[in-house]
Amino acid sequence: MIAAMALFSVEDAFVKGATDTLPVGQVLILFGLGGALAFALMARLSGERLVTRDVASRPMRIRVVFEIVGRLFYVLALALIPLSAATVILQATPIVVVATAALLFREKVGWRRWIAIATGMGGVLVILRPGTEGFSMLSILAVIGMLGFAGRDLASRAAPLSLGTAVLGFYGFLAIVAAGAIFSIWDGAGLVRPGLWAWAFVAGAVASGVLAYSCLMKAMRTGDVSAVTPFRYVRLLFGLALGVGLFGETIDFWTWIGSGMILLSGLFVMWRTRPQKRMPPQPQGPA
Numbered sequence: 001m002i003a004a005m006a007l008f009s010v011e012d013a014f015v016k017g018a019t020d021t022l023p024v025g026q027v028l029i030l031f032g033l034g035g036a037l038a039f040a041l042m043a044r045l046s047g048e049r050l051v052t053r054d055v056a057s058r059p060m061r062i063r064v065v066f067e068i069v070g071r072l073f074y075v076l077a078l079a080l081i082p083l084s085a086a087t088v089i090l091q092a093t094p095i096v097v098v099a100t101a102a103l104l105f106r107e108k109v110g111w112r113r114w115i116a117i118a119t120g121m122g123g124v125l126v127i128l129r130p131g132t133e134g135f136s137m138l139s140i141l142a143v144i145g146m147l148g149f150a151g152r153d154l155a156s157r158a159a160p161l162s163l164g165t166a167v168l169g170f171y172g173f174l175a176i177v178a179a180g181a182i183f184s185i186w187d188g189a190g191l192v193r194p195g196l197w198a199w200a201f202v203a204g205a206v207a208s209g210v211l212a213y214s215c216l217m218k219a220m221r222t223g224d225v226s227a228v229t230p231f232r233y234v235r236l237l238f239g240l241a242l243g244v245g246l247f248g249e250t251i252d253f254w255t256w257i258g259s260g261m262i263l264l265s266g267l268f269v270m271w272r273t274r275p276q277k278r279m280p281p282q283p284q285g286p287a
């Protein structure tokens, strides 16, 4: 999960760079096609079939819808608001995932973690500051994207176990192509011939995105969701560092406060989810 978050932050930086010279819809289409091709090759090498009955299962259909929503609105957020701001808002994803996992998958979440979840959500509100001059309606794009990603992660958890990471990745990136096509039709911006730097940004986004996606799917399908999800908070550190270091963004006081609330609540949830099971007694051998 930590590796996935680092790579997703790098992917965000490449995507933001690509949207400087290419329409958002075209970036999504190129990015999705590159990722789908990569996962199709991975599936072929591992002997996985891309077309099976399980691909059309209800969790997979739900997953595609959430993938389209998450990718489309988050890329729009990356194009229109600072990378650091989009990354911070995205940190509400673990809160939604843990809370929903407790309700849908009956994973045990005690009252202390519920308080931590509420604290983390409060941190997001501190960053957004609704009703004040510091609030931007464009931030809602990142919020909608966050909800889409949370739904995608939970649907991945419910997806048939017969579907491997390569198959999930292939259809996930096809959903990104669909999101780009839908937005391109709605936006009417048309297609632009990519320059050398645009191709480099897209290629970098595909490479980092494929690796990140593989790590994420492995993490979400192994162990309890509430155990691996708190590690998503490390994306906060990577995103802030890239936003400040690469794009020269500044982070105000309230963003630091809200980020601290999110990080501390995430660390507390992670601490409360540590393994509690005791090892069974081991037979004593000769000294």
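The opening position of the sequence shown corresponds to residue 1 in UniProt numbering, with each subsequent residue numbered one higher. From the three backbone atoms N, C-alpha and C, an ideal C-beta is built for every residue, glycine too. Computed from a predicted model, the values in this text were never measured in an experiment.
Nearest-angstrom Cα separation, counted from residue j out to residue i
| i | j | result |
| --- | --- | --- |
| residue 9 | residue 137 | 23 angstroms |
| residue 91 | residue 156 | 19 angstroms |
| residue 200 | residue 246 | 16 angstroms |
| residue 53 | residue 59 | 12 angstroms |
| residue 228 | residue 159 | 17 angstroms |
| residue 20 | residue 195 | 11 angstroms |
| residue 218 | residue 34 | 20 angstroms |
| residue 47 | residue 56 | 19 angstroms |
| residue 7 | residue 149 | 16 angstroms |
| residue 162 | residue 40 | 16 angstroms |
| residue 49 | residue 42 | 11 angstroms |
| residue 44 | residue 23 | 32 angstroms |
| residue 204 | residue 16 | 11 angstroms |
| residue 182 | residue 69 | 11 angstroms |
| residue 114 | residue 165 | 31 angstroms |
| residue 186 | residue 32 | 18 angstroms |
| residue 271 | residue 104 | 22 angstroms |
| residue 108 | residue 5 | 25 angstroms |
| residue 244 | residue 238 | 10 angstroms |
| residue 51 | residue 221 | 21 angstroms |
| residue 61 | residue 257 | 38 angstroms |
| residue 129 | residue 11 | 27 angstroms |
| residue 112 | residue 171 | 37 angstroms |
| residue 248 | residue 106 | 43 angstroms |
| residue 122 | residue 85 | 16 angstroms |
Inter-residue CB distance, residue i and residue j (contact presumed, cutoff 8 angstroms)
| i | j | result |
| --- | --- | --- |
| residue 206 | residue 38 | 7 angstroms |
| residue 189 | residue 18 | That belief does not hold up - the Cβ atoms of residue 189 and residue 18 are roughly 14 angstroms apart, past 8 angstroms. |
| residue 262 | residue 120 | 5 angstroms |
| residue 93 | residue 236 | That pair is no contact at about 11 angstroms. |
| residue 14 | residue 208 | 7 angstroms |
| residue 154 | residue 102 | Wrong, their Cβ atoms sit about 11 angstroms apart, outside the cutoff. |
| residue 1 | residue 231 | 4 angstroms |
Beta-carbon spacing of residue i, residue j below 8 angstroms
| i | j | result |
| --- | --- | --- |
| residue 215 | residue 3 | yes |
| residue 169 | residue 213 | yes |
| residue 202 | residue 30 | yes |
| residue 117 | residue 265 | yes |
| residue 254 | residue 124 | no |
| residue 98 | residue 147 | no |
| residue 251 | residue 240 | yes |
| residue 180 | residue 28 | yes |
| residue 26 | residue 192 | yes |
| residue 74 | residue 151 | no |
8 angstroms Cβ cutoff, residue i in contact with chain B
| i | result |
| --- | --- |
| residue 46 | The structure shown contains no chain B; it holds only a single protein chain. |
Near the ligand MN: residue i beta-carbon under 7 angstroms from a heavy atom
| i | result |
| --- | --- |
| residue 15 | Absent from the structure shown: the ligand MN. Ligands present: none. |
Just checking, does the segment 164-177 make contact with the segment 65-74 on the three C-beta pairs under 8 angstroms criterion?
Between the segment 164-177 and the segment 65-74 there are three or more C-beta pairs closer than 8 angstroms, enough to call the two in contact.
Cβ contact check for the segment 138-157 and the segment 70-86: 3 or more pairs under 8 angstroms
Contact annotation: the segment 138-157 touches the segment 70-86, with at least three C-beta pairs closer than 8 angstroms.
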